[in-house]
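Trainee: The sequence shown lines up with residues 4 to 228 when you count with the working numbering. My questions all concern the structure below.
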Amino acid sequence: MNKGKSYFSEVLLETVSSDFSTSLSVCMTHGRYQLYTDKVVYSYEDLYKNFKITADKIDWKAFRPKNILVLGLGLGSVIQIIEKKNKQPLFFTAVDIDEAVLYLVQKYTASKFRSPIEYIHADAQIFIAQNNVKYDLILFDIFIDDLVPPKFETLVITKKLASALAPNGLLLYNRIAIEPEHIMRNMDYFDRVFNKVFPQAEFVNVKYNWVLVSDGSRLKKGLIV
């Protein structure tokens, strides 16, 4: 019943407290679960446009990842989007520091995923620092409300992300781009850090987000923004 109603108006399902956001709310809208704070949307199933549009620009015939790391889970939108683009078996490792997020994804969307997923409750900075596994694809989607925590904008952590990539691996790094200060911060991080670690980097401008792509050659020709 809620799914039908959601095509006409948003149906609020649950609001929970969080140690890392003022609150987290789950609603159903247009037949999809959406996770949001009072500032931004964290997750929107296959309609999570920043990653959906970026995924549409990647040549998945040439790039066929198997082992995938998700840093910042939300309700698992990025998992659903990548699963839709790949028919081969996938394995996901999903890391999130917020117990409330892990609770909500298990309650609402985990049953929709077709791939095996290892859920890890941890600080992604510590996880990456201690990691010795190589991943074909890393999806970075970590925010406190509308900002990436500064500890994930350093040269050290960005190099750690690079070292976690398998040969020919790809990092997609999501950033909010709503206000002028967001844009300035994104430009600073891209020029000062990201592009130095990944000389072939590009970014996809998705209206309210920038998705930084570690290797622009993975994007279909004519679709780089």
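Backbone N, C-alpha and C define an ideal beta-carbon position, used for all residues, glycine too.
Looking at residue 23 and residue 100, is the spacing between their C-beta atoms short of 8 Å?
Mentor: Yes. Within cutoff.
Trainee: The beta strand (DSSP E) spanning residue 141 covers which residue range?
Mentor: Element bounds for residue 141: 138 to 143.
Trainee: Just grab the DSSP bridge partners of residue 31 for me.
Mentor: DSSP, once it has assigned bridges, lists 14, 36 as partnering residue 31.
Trainee: In chain order, what residues of the same chain have a beta carbon less than 7 Å from the beta carbon of residue 217, not counting five sequence neighbours either side?
Mentor: Answer for residue 217: 173, 174, 201, 204, listed in chain order.
Trainee: Would you identify the three-state DSSP class for residue 172, choosing helix, strand or coil?
Mentor: Strand.
Trainee: Using the rule of at least 16 other Cβ atoms within 10 Å of the residue's Cβ for burial, across every protein chain shown, is residue 229 buried or exposed?
Mentor: Nothing about residue 229 can be read from this structure; the chain reaches only from 4 to 228.
Trainee: Report the three-state DSSP secondary structure of residue 95 (helix, strand or coil).
Mentor: Correct three-state label for residue 95: strand.
Trainee: Would a C-beta distance cut-off of 8 Å place residue 18 and residue 40 closer than the cut-off?
Mentor: No.
Trainee: Measure how close the beta-carbons of residue 103 and residue 215 come, nearest whole angstrom, since I'm counting them as under 8 Å.
Mentor: That pair is no contact at about 27 Å.
Trainee: Please report the straight-line C-alpha distance between residue 119 and residue 31, rounded to a whole angstrom.
Mentor: C-alpha separation (whole angstroms): 25 Å.
Trainee: Can you tell me which of the three DSSP states residue 207 falls into?
Mentor: Three-state result, residue 207: strand.
Trainee: Do the region 146 to 163 and the region 176 to 190 touch if we need at least three Cβ pairs shorter than 8 Å?
Mentor: Yes: at least three Cβ pairs fall under 8 Å.
Trainee: The beta strand (DSSP E) with residue 121 in it runs from where to where?
Mentor: Note, residue 121: beta strand (DSSP E), 120 to 124.
Trainee: Would you mind stating whether residue 67 and residue 89 have Cβ atoms separated by less than 8 Å?
Mentor: Yes; because the gap between Cβ atoms is below 8 Å, this pair is in contact.
Trainee: If you draw a straight line from the alpha carbon of residue 162 to that of residue 139, how long is it in whole angstroms?
Mentor: Between residue 162 and residue 139, the C-alpha separation is close to 16 Å.
Trainee: Between the region 74 to 93 and the region 105 to 113, do at least 3 Cβ pairs fall closer than 8 Å?
Mentor: The region 74 to 93 vs the region 105 to 113: in contact.
Trainee: By alpha-carbon positions, which one of 21, 95, 148 ends up nearest to residue 122?
Mentor: When each option's Cα is compared against that of residue 122, the closest is 95.
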